[in-house]
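Asks: Residue numbers (full-length UniProt numbering): 1 to 965.
Cβ coordinates follow ideal geometry from the N, Cα and C atoms, glycine included.
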Amino acid sequence: ALHKTRLPLVRALIIKEGEKGIPAPGGLMWLSRVQGKYFEIQFSRGGEPDGGKISNFLLEKSRVVMQNENERNFHIYYQLLEGASQEQRQNLGLMTPDYYYYLNQSDTYKVDGTDDRSDFSETLNAMQVIGIPPNIQQLVLQLVAGILHLGNISFCEDGNYARVESADLLAFPAYLLGIDSGRLQEKLTSRKMDSRWGGRSESIDVTLNVEQAAYTRDALAKGLYARLFDFLVEAINRAMQKPQEEYSIGVLDIYGFEIFQKNGFEQFCINFVNEKLQQIFIELTLKAEQEEYVQEGIRWTPIQYFNNKIVCDLIENKLSPPGIMSVLDDVCATMHATGGGADQTLLQKLQAAVGTHEHFNSWSSGFVIHHYAGKVSYDVSGFCERNRDVLFSDLIELMQTSEQAFLRMLFPEKLDVEKKGRPSTAGSKIKKQANDLVSTLMKCTPHYIRCIKPNETKRPRDWEENRVKHQVEYLGLKENIRVRRAGFAYRRQFSKFLQRYAILTPETWPRWRGDERQGVQHLLRAVNMEPDQYQMGSTKVFVKNPESLFLLEEMRERKFDGFARTIQKAWRRHVAVRKYEEMREEASNILLNKKERRRNSINRNFVGDYLGLEERPELRQFLGKRERVDFADSVNKYDRRFKPIKRDLILTPKCVYVIGREKVKKGPEKGQVREVLKKKLEIQALRGVSLSTRQDDFFILQEDAADSFLESVFKTEFVSLLCKRFEEAVRRPLPLTFSDTLQFRVKKEGWGGGGTRSVTFSRGSGDVALLKASGRALTVSVGDGLPKSSKPTRKGMAQGKPRRFAQAPTRAAPGPPRGLDRNGVPPSARGSHLPLEITSAGGSQRPPRGPPSSALGASRRPRARPPSEHNTEFLNVPDQGVAGMQRKRSVGQRPVPGVGRPKPQPRAHGPRCRALYQYVGQDVDELSFNVNEVIEILLEDSSGWWKGRLHGQEGLFPGNYVEKI
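1. Check whether the Cβ atoms of E926 and L956 lie closer than 8 Å to each other.
2. Excluding five sequence neighbours on each side, which residues of the same chain lie with their C-beta closer than 8 Å to the C-beta of A84?
3. Whole alpha helix (DSSP H) runs in the region 447-504 with 4 or more residues, listed along the chain?
4. In terms of residue numbering, what span does the alpha helix (DSSP H) encompassing H371 cover?
5. Between the Cα of Q261 and those of I130, L710, V376, spot the shortest distance and give me the residue it belongs to.
6. With distances taken between CB atoms, is the gap from M325 to K431 smaller than 8 Å?
7. Can you name the start and end residues of the beta strand (DSSP E) that Q279 belongs to?
8. Does L939 pass the burial test, meaning 16 or more other C-beta atoms within 10 Å, or should it be called exposed?
9. Give me, in chain order, the residues of the same chain whose beta-carbon lies closer than 6 Å to that of K61; leave out the 5 immediate sequence neighbours on both sides.
10. Using the C-alpha atoms, what's the distance from Y109 back to R558?
11. Does the beta-carbon of E403 have 16 or more other beta-carbons within 10 angstroms, so that it is buried, or is it exposed?
12. So, with DSSP's three-state summary, where would you put L736?
13. Less than 8 Å separating the beta-carbons of Y100 and N152?
14. Using the rule of at least 16 other Cβ atoms within 10 Å of the residue's Cβ for burial, across every protein chain shown, is R598 buried or exposed?
15. I'd like the list of long-range same chain contacts for residue 966, defined as Cβ closer than 7 Å, with 5 residues on each side in sequence excluded.
16. For the alpha helix (DSSP H) that R584 lies in, which residues bound it at each end?
17. Looking at the structure shown, is R616 part of a helix, part of a strand, or coil, going by DSSP?
18. Put V164 into one of helix, strand or coil per three-state DSSP.
19. Any idea if F550 is buried or exposed, counting beta-carbon neighbours within 10 angstroms, 16 or more meaning buried?
20. Spatial neighbours of K478 within its chain, please: C-beta separation below 7 Å, excluding the five flanking residues on both sides.
21. Tell me the rounded alpha-carbon separation between N593 and R584.
22. Please list, in chain order, all residues of the same chain as I452 whose beta carbon is under 6 Å from its beta carbon, the five residues on each side excluded.
23. Quick one: what does DSSP say L358 is sitting in, helix, strand or coil?
24. So E516 and F494 are in contact, right, with Cβ under 8 Å, and what is the actual spacing, rounded?
25. Assign F718 to one of three DSSP states: helix, strand, or coil.
26. Work out the CA separation of T737 and T693 for me, nearest whole Å.
27. Given a cut-off of 8 Å on the beta-carbon distance, is the pair P733 and R687 in contact?
28. Tell me which same chain residues have a C-beta within less than 7 Å of the C-beta of L284, skipping the five on either side of it?
29. Which partner residues does N636 have in the DSSP bridge list?
30. Between the beta-carbon of F718 and the beta-carbon of L677, is there less than 8 Å?
31. In whole angstroms, what separates the C-alpha of S762 from that of L771?
32. Apart from the five residues just before and just after N361, which ones in its own chain have a Cβ nearer than 6 Å to its Cβ?
33. I'd like the span of the alpha helix (DSSP H) that includes S118, first residue to last.
34. Verify whether the separation of the beta carbon atoms of Y255 and I282 is less than 8 Å.
35. Ignore the nearest five residues each way along the sequence and tell me which others in R191's own chain have a CB closer than 6 Å to its CB.
36. Buried or exposed: G952, going by 16 or more other Cβ atoms within 10 Å of its Cβ?
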């Protein structure tokens, strides 16, 4: 189970973290040319990275013992010296970098932008991630420290032989490597040589001179580092590599071409590898490109380019004539004591072997190769010594005697097996690695990233234009661009082209049923691509300019975008409808089995904002910036004397706002009516909400100071949203009280006047509430509504079908306004009830309340669209066209007035009605009208909703708001 669930995640983590184990010992974070690596990212069938493999090659081992000016050794040394703990420093004998011979040659210890202490922690973490246990990590660091101490062993001459200058310096490297210091001294100053004579072999101990002893010491240090590095690479591969290979992407990370003031063996090897890579580049781009055009029968202009195969043969040929590397190996096989004489012998043999080659020249201290990047002069000094790279069997045998099993594991050779042939050299290893790399790359489809080196100072904002131009030239970028320009930027097989772009036309989607070539031509014609922008080969289509390809891709994206939007709209509608149904169900459940329901409210749509706050800045000013509105409506608020007052009730996620209107008493706006914030109540300050069990629209907001007795047609929607916001704020449900006897507290004003008021709900007749006040008590009489167990039943919106006019309306038709003359003034409250009768203690009666001022009412209602705002394009003078020209020509041929066709009869009117009251539509399919407007009746429905036409618009309207004429 662990393998199936955690291993893919661990592998994905290792791909990101594990490679940090390479840069620390390999130095990739310091110089990219220190080492090359080829790694494969392995993918599952679903395209998810789930493994990897790293191939190490071209490790510059000579950097361990020697650095050029202004260069550091590998990073791990400086990280260890900077980041080791005090205990580690004591156990490993760590000092400052200038103490060690392998670090102080270049006198460079710090690098700008590099934190060695932090990088050391990352290195330890990387080893932990790839599964190296802590004890092995400690042995790795111990081996790194041992290499540093090994470099401090120096030699002096003693009778033409080498002798360790200070025996004290042998103790610590021997301790760290787990070997005897005496044997270490013996193997550094002498070696065992096998001699054969007459079929007999004899082993002879040969004492080394100072130069040979230093070479032996350095060879051991380089061998230790290289084998440790190979161990880390193998550990990473064990952690990342999958047992079976499915799909993979290979990435080659390698240093570029190098030309220094003094170029040695390292630059020679680096530039040879770049020559091989350039040869692949030519084979797979320039040469292959032009050969493909010939095979497909494409018309184009050939481009001349330099093929560098001749330079590669100069370096790596074995025979006829032998290459530079073959000559170098021959010289190294015969050299014995000193390197200086061998280097001059190498130069002489090169002049004899390849001196006449057109890409080779020699000079007094070296030779010149005409690379694809230009001429490079190589100094032969040190060539032979660095190429030998031989770790004598004496040193291998010494390491196999170590007390540490980890160190013995790094040297698994069997020395008792007789060896035949020459030992391998650094040059031969590099040549083999380069050829193996070429074989691997030729199996793939390479994509190139060319990195241009802007300067030699490694500093930002330093631009050497001539150097950049030179790199652009020798990298073959200009030739590659010319080939692309002369040829075609995109090519694709007919079948794959059809598969990708089939969606662009109905004929090719979902599949083309004819000849593939004709299908491709049909697609290109459908997108109006110019014929000179593409050519049809025998099996592929070739598109010349990237812009033409971008056109195809853009049209394809638009198609997919259109389909995605269609799916998105359908899904969003489905989610919104489902959410709306859930919200309405939740609202109904609040009153379920607790309160009777009105017939016109149980299946009503929830709009939320009934005031149109988007166009009401005078109301938005009281809300917080970007505060969202959940509910907004015009309600009736009853004061201590049960007198109704119009208020705007607004609910947001945090507060409840009650907004009223007052006349300005002084100032430049004196006499004008302005909006005033009457109350701002935070949600968490609510103590509860009280409602009756009848079908009325009254509810009480209970708070600490004074309660609010309100009336709203949309009470169910408001209470449900309020409950939701209250629970979000205080993490508990809002207390709801259902009773036919309610009390609410009023604010104390002056002397007396405070206390409570009671409201009693009784059974009456009809759906309209009748209010009767007596002192501090109010009686509300209302008829029976729908049963308390009533629930929403409408499913039209959930089915996603558009509502037609012939179907039943979404809600019951409202009753006509009561207590109003036919003057167009809207009722004082949305909830319809008879005028309030208030009886004082003395029995006197107040007259019925009148409607609010038209200014206040109009400001709170959503504006109906006046006739002047309807489409008036039919009033414009139409374009005369040809008929107008004919009329102008026949102006003198008009008939005598009164003669001709009879005047058309007016169209017969259908049934019509006149508006008794003003009505403002509450849904998009409802018709709004003013008093005395005449409406053409299209359909009368028994539900009370009629369909009519007014000012060219059709919609639903309540039949009891009009009278037939």
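Replies: With the given structure in hand:
1. A distance below 8 Å separates the beta carbons of E926 and L956.
2. L92, L94, F120, L141
3. 465-474, 477-486, 494-501
4. It is not in any alpha helix (DSSP H) - H371 instead sits in the beta strand (DSSP E) that spans 366-371.
5. Of the candidates I130, L710, V376, the one whose C-alpha sits nearest the C-alpha of Q261 is V376.
6. yes
7. It is not in any beta strand (DSSP E) - Q279 instead sits in the alpha helix (DSSP H) that spans 265-281.
8. exposed
9. K222, A226
10. 57 Å
11. exposed
12. strand
13. yes
14. buried
15. Residue 966 is absent from the model: the chain starts at 1 and stops at 965.
16. 546-591
17. coil
18. Three-state result, V164: strand.
19. It is exposed - the Cβ of F550 has fewer than 16 other Cβ atoms within 10 Å.
20. Within the same chain, K478 has close Cβ partners V472.
21. Rounded to whole angstroms, N593 to R584 spans 16 Å at the Cα level.
22. Hits under 6 Å: V468, Q471.
23. Sequence check: residue 358 is Glu here, not Leu. The answer is coil: DSSP assigns E358 none of H, G, I, E or B.
24. The beta carbons of E516 and F494 sit about 4 Å from each other, so the pair counts as a contact at 8 Å.
25. helix
26. 10 Å
27. No, these two residues do not count as a Cβ contact at 8 Å.
28. If we look at L284 and ignore the five residues flanking it on each side, its Cβ neighbours are P446.
29. K646, E711
30. no
31. Across the structure, S762 and L771 are spaced so that their CA atoms are roughly 10 Å apart.
32. Cβ neighbours of N361 beyond the five flanking positions: V368.
33. 116-129
34. no
35. V206, F392, D394
36. exposed
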